[in-house]
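As numbered in the UniProt record's numbering, residues 1 to 300 make up the sequence shown, in order. Each remark here refers to the structure printed beneath this line.
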Amino acid sequence: MKKTPSSVESSKNNPENFRKIRANNRTLNSQFNYANNYIKTSKYSFLTFLPLNLLEQFQRLANFYFLCLMLLQMISVISSLTPVTTIIPLVGVLSLTAIKDAYDDIQRHISDNQVNERSSKVFRDGALVREKWSAVCVGDIIQMESNQFVAADVLLLSTSEPNGLAFIETSELDGETNLKCRQCIPETAQLGHDVGNFDGDIICETPNNLLNKFDGVLYWKNSQYVLDNDKIVLRGCVLRNTEWCYGVVIFTGRDTKLMQNSGKTKFKRTSIDRLLNLLIIRIVLFLLTLCLFCSVSYRS
1 MKKTPSSVES SKNNPENFRK IRANNRTLNS QFNYANNYIK TSKYSFLTFL PLNLLEQFQR
61 LANFYFLCLM LLQMISVISS LTPVTTIIPL VGVLSLTAIK DAYDDIQRHI SDNQVNERSS
121 KVFRDGALVR EKWSAVCVGD IIQMESNQFV AADVLLLSTS EPNGLAFIET SELDGETNLK
181 CRQCIPETAQ LGHDVGNFDG DIICETPNNL LNKFDGVLYW KNSQYVLDND KIVLRGCVLR
241 NTEWCYGVVI FTGRDTKLMQ NSGKTKFKRT SIDRLLNLLI IRIVLFLLTL CLFCSVSYRS
């Protein structure tokens with residue numbers, strides 16, 4: 001196929017709109033500072049846990065309200081109560097929530113480590129070697145085997161099936177359990193296992209979260225081939241009914257479509273939190289109004 005997608009044609013005039021990759025050339029690809037294949041879904045580190053967790057907890061107005069109340073109770077002129085009556089329950093609530101959040105984040109750290117430590121076969125100097133997923137880079141050619149998760153978003157080069165077909169399960173991405181078919185470019189499908197020296201150039205779209213769309217062009221042996229979603233296998237897919245296949249890594253780590261759809265881990269407010277925040281605001285406004293009324297009445 002000789003036609004170039006319009007999106008890639010227009011991107012040549014704007015380098016920010018496309019990504020260029022050369023297969024089996026880490027030196028060239030490293031110049032573009034593409035993301036590595038290490039993933040992180042945890043929210044905290046050992047050093048950031050305490051300040052970030054407290055910041056999140058005090059976004060709940062109830063906690064902030066009782067903190068202000070505790071500070072006011074420390075001023076003996078305006079309070080006859082000891083601040084201990086507020087400190088103990090406040091510290092108790094903050095501590096229990098922090099313990100729960102710490103446990104949840106430790107589980108995320110464990111899960112991240114398990115995923116990053118998975119291994120995949122990667123071509124190095126023309127020979128297949130085992131590498132951790134976290135060490136896989138853009139432009140690497142990797143081998144995928146039946147019933148295994150795919151380490152990154154890859155362009156299919158060749159498979160064990162006739163006509164360069166590969167079957168994948170995408171339940172981790174879209175929840176669908178039915179198998180989907182992907183197909184290599186016929187010219188690369190003929191390579192079989194002889195892909196260790198493949199040196200094609202790929203120009204494609206930048207990372208995005210569109211699972212069913214991909215635009216790109218492969219330049220190889222003085223020819224160019226249009227790339228679409230049917231030639232791409234995404235991270236999180238599982239290879240099924242296909243003994244093996246090879247592919248060039250297009251997107252890694254946070255740039256993969258799986259991670260683009262995951263988004264950054266954020267502090268979530270429940271409907272109960274929002275209701276409590278509203279009630280606290282009303283209580284504070286009522287108390288301020290009452291104080292103002294009493295102050296005016298006293299002066300008069």
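Cβ atoms here follow ideal geometry from the backbone N, Cα and C, with glycine treated the same way. Given the structure is predicted, the values throughout are model-derived calculations rather than measurements.
For Ser158, same chain residues with a beta-carbon under 7 Å away, outside a window of 5 residues either side, are Gly164, Cys184, Thr188, Ala189, Leu191, Gly192, Val195, Cys245, Tyr246 in chain order.
The C-beta of Ile106 has fewer than 16 other C-beta atoms within 10 Å across all chains shown, which makes the residue exposed. The continuous alpha helix (DSSP H) containing Ser297 extends over residues 271-299. Counting only runs that start and end inside the stretch 139-211, the alpha helix (DSSP H) elements of at least 4 residues fall at 171-174, 186-189. Between the stretch 105-122 and the stretch 224-231 there are fewer than three inter-stretch CB-CB distances shorter than 8 Å, so the stretches are not counted as touching. In the three-state scheme derived from DSSP, where H, G and I count as helix and E and B as strand, Arg22 is classed as strand.
Going by C-alpha positions, Ile142 is about 22 Å away from Lys213. Between Leu173 and Gly236 the beta-carbon gap is near 5 Å, inside 8 Å, which marks them as a contact. Of the candidates Pro89, Arg26, Thr41, Leu61, Leu61 places its Cα closest to the Cα of Val284. Taking C-beta separations shorter than 6 Å and ignoring five residues to either side along the sequence, Gln114 has no partners in its chain. The way I'd put it, the stretch 85-95 doesn't touch the stretch 41-51; fewer than three beta-carbon pairs between them come closer than 8 Å. For the beta strand (DSSP E) assignment, the uninterrupted runs of no fewer than 3 residues enclosed by the stretch 71-140 are, from N- to C-terminal side, 119-124, 127-132. By the CB criterion at 8 Å, Leu239 and Glu145 fall inside the cutoff. The DSSP-derived three-state label of Gln260 is helix. Taking a C-beta distance under 8 Å as the contact criterion, Met70 and Leu90 qualify as a contact pair. DSSP lists no beta-bridge partner residue for Phe32. Counting only residues of its own chain and dropping the five nearest sequence neighbours on each side, Ile232 has a CB closer than 8 Å to the CB of Asp153, Val154, Leu155, Leu156, Arg182, Phe214, Ile250. Taking a C-beta distance under 8 Å as the contact criterion, Gly175 and Val248 do not qualify as a contact pair. By the neighbour-count criterion, in which a residue is buried when 16 or more other Cβ atoms sit within 10 angstroms of its Cβ, Asn37 is buried.
Exclusion of the five residues before and after Asn24 leaves Phe123, Gly139, Asp140, Ile141, Gly196, Asn197, Phe198, Asp199 as the residues of its chain whose Cβ lies within less than 8 Å of its Cβ. The Cβ atoms of Asn53 and Val93 do not sit closer than 8 Å to each other. Where Leu54 is concerned, the enclosing alpha helix (DSSP H) starts and stops at 49-57.
A direct Cα-to-Cα measurement between Asn209 and Asn241 gives close to 27 Å. Tyr219 has Asp201, Gln224 as its beta-bridge partners, per DSSP. Under the three-state reduction of DSSP, Tyr38 is assigned to coil, being neither helix nor strand. Judged by DSSP secondary structure, Tyr44 falls outside any beta strand (DSSP E); it is assigned neither H nor E. Arg22 sits close to Asp201, with the two beta carbons spaced by under 8 Å.
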